[in-house]
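**Student:**
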Amino acid sequence: MDLGLKGRTALVTGGASGIGAAIAVELAREGCNVAIVDLKRDDKAEAVLAELAAQGVRASFCEADVRDFALAERVVQSVAEADGGLHVLVCCAGITDDGLSWKLTEAQWDRVLDVNLKGCFAYCRAAGALMKDARGGRIVNIASINGLRGKFGQANYAASKGGMVALSKTLARELGKFGVTVNVVAPGMVRTDMAGVLPPEVIEKAVDETVLGRLAEPRDCAIVVAFLCSDAARHVTGQVVQVDGGQYL
Ligand SMILES: NC(=O)c1ccc[n+]([C@@H]2O[C@H](COP(=O)([O-])OP(=O)(O)OC[C@H]3O[C@@H](n4cnc5c(N)ncnc54)[C@H](O)[C@@H]3O)[C@@H](O)[C@H]2O)c1
Numbered sequence: 034m035d036l037g038l039k040g041r042t043a044l045v046t047g048g049a050s051g052i053g054a055a056i057a058v059e060l061a062r063e064g065c066n067v068a069i070v071d072l073k074r075d076d077k078a079e080a081v082l083a084e085l086a087a088q089g090v091r092a093s094f095c096e097a098d099v100r101d102f103a104l105a106e107r108v109v110q111s112v113a114e115a116d117g118g119l120h121v122l123v124c125c126a127g128i129t130d131d132g133l134s135w136k137l138t139e140a141q142w143d144r145v146l147d148v149n150l151k152g153c154f155a156y157c158r159a160a161g162a163l164m165k166d167a168r169g170g171r172i173v174n175i176a177s178i179n180g181l182r183g184k185f186g187q188a189n190y191a192a193s194k195g196g197m198v199a200l201s202k203t204l205a206r207e208l209g210k211f212g213v214t215v216n217v218v219a220p221g222m223v224r225t226d227m228a229g230v231l232p233p234e235v236i237e238k239a240v241d242e243t244v245l246g247r248l249a250e251p252r253d254c255a256i257v258v259a260f261l262c263s264d265a266a267r268h269v270t271g272q273v274v275q276v277d278g279g280q281y282l
């Protein structure tokens, strides 16, 4: 599908693995130059960078922890300077650290909220300011259906993802008149490393919850993100698109 994204610049946090990597590759397939922000430029990251380069686009990697607010500002500025502006931001960096609410520690709460919600805000704040001045842009934040329905054992994660939804709707309101759209993709369970650590019975339960009888592959999410980043989606903002095979209907 040609989404008219050729030559645009995209920054994807958490792009070295799983859903973020699939999003980076999908945007590159559509002709975007892609900057990945992730913790480490390891072998997995190198493989993603090679896939991006194979699409004939410019690919770069910034080693950064999304929790670092000041660094987010510098990373966004430098990507925009190197690539002639920043047109697309996808916030996909995320972690889980599960536990029943009465056992969850302050450290577990802070870490998950800091990476998932504060990290998202840090990049949206920096990129949103540039997009506002440029009078256009696309932001897509990757939440989760568990941020919409709640999830046993995930008070911190569900709160962080619900917070991302509220943050995105607020940004959509603030940035709309500047031609910037802000949307959320909320996946159900997706076959990635994050899901790979779960016991088989939890995976089976998730499959049973879907109406399609299967889990998503990362690309199922990436294709929806690419559409939301395109001009074709210019009239869609402040929305939460569930990519969950009907897991949460
Ligand atoms: N896999 C699922 O079932 C599922 C379901 C719903 C939502 N999600 C969300 O999708 C996103 C991607 O998940 P995934 O399954 O691909 O996981 P993943 O673990 O494969 O990828 C997450 C990436 O984020 C990076 N990251 C983690 N902490 C970071 C930090 N502090 N700074 C920078 N980068 C950091 C990791 O290094 C990794 O590359 C997450 O936000 C997750 O919450 C996943």
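Numbering (my numbering), first residue to last: 34 to 282. We treat Cβ as the ideally placed atom computed from N, Cα and C, and that holds for glycine.
#1: Confirm the yes/no value for this check: CB of Val148, any heavy atom of ligand 1, distance under 7 Å.
#2: Any heavy atom of ligand 1 closer than 7 Å to the Cβ of Ala126?
#3: Report the partner residues of Glu96 according to the DSSP bridge assignment.
#4: Going by CA-CA distance only, name the one from Tyr190, Leu119, Gln280, Val273 that's closest to Tyr156.
#5: Which residue or residues does DSSP assign as beta-bridge partners of Asn66?
#6: Counting only runs of 3+ residues fully inside the segment 186-237, write out the beta strand (DSSP E) ranges in chain order.
#7: If you compare alpha carbons, which of Ile256, Gly221, Cys124 is closest to Lys238?
#8: Just grab the DSSP bridge partners of Cys283 for me.
#9: Going by DSSP in three states, Gln275 sits in which element: helix, strand or coil?
#10: On the three-pair Cβ rule with 8 Å, is the segment 265-281 touching the segment 66-80?
#11: Alpha carbon to alpha carbon, how far is Gly47 from Ala54? Give it in angstroms, no decimals.
#12: In the DSSP output, what is Gly132 paired with across the bridge?
#13: Assess, as a yes-or-no matter, whether the segment 143-151 is touched by the segment 87-94 under the definition of 3 or more beta carbon pairs within less than 8 Å.
#14: I'd like to know if Cys125 contacts chain D, where contact means its C-beta is closer than 8 Å to some C-beta of that chain.
#15: For Ala54, write down the residues that DSSP places opposite it in a beta bridge.
#16: In the DSSP assignment, what residue or residues form a beta bridge with Ala113?
#17: Within 10 angstroms of the Cβ of Glu59, are there 16 or more other Cβ atoms? Answer buried if so, exposed if not.
#18: I think Val213 touches Gly169, with their Cβ atoms under 8 Å apart; what is that distance to the nearest whole Å?
**Tutor:** Taking the geometry as given:
#1: yes
#2: yes
#3: Asp71
#4: Leu119
#5: Thr42
#6: 213-220
#7: Gly221
#8: The requested residue 283 is not part of the displayed model; the chain covers only 34 to 282.
#9: strand
#10: no
#11: 7 Å
#12: Gln187
#13: no
#14: Included in the structure is just one protein chain, with no chain D present.
#15: BP columns for Ala54 are empty, so no partner.
#16: Looking at the DSSP assignment, Ala113 forms no beta bridge with any residue, so it has no partner.
#17: buried
#18: 6 Å
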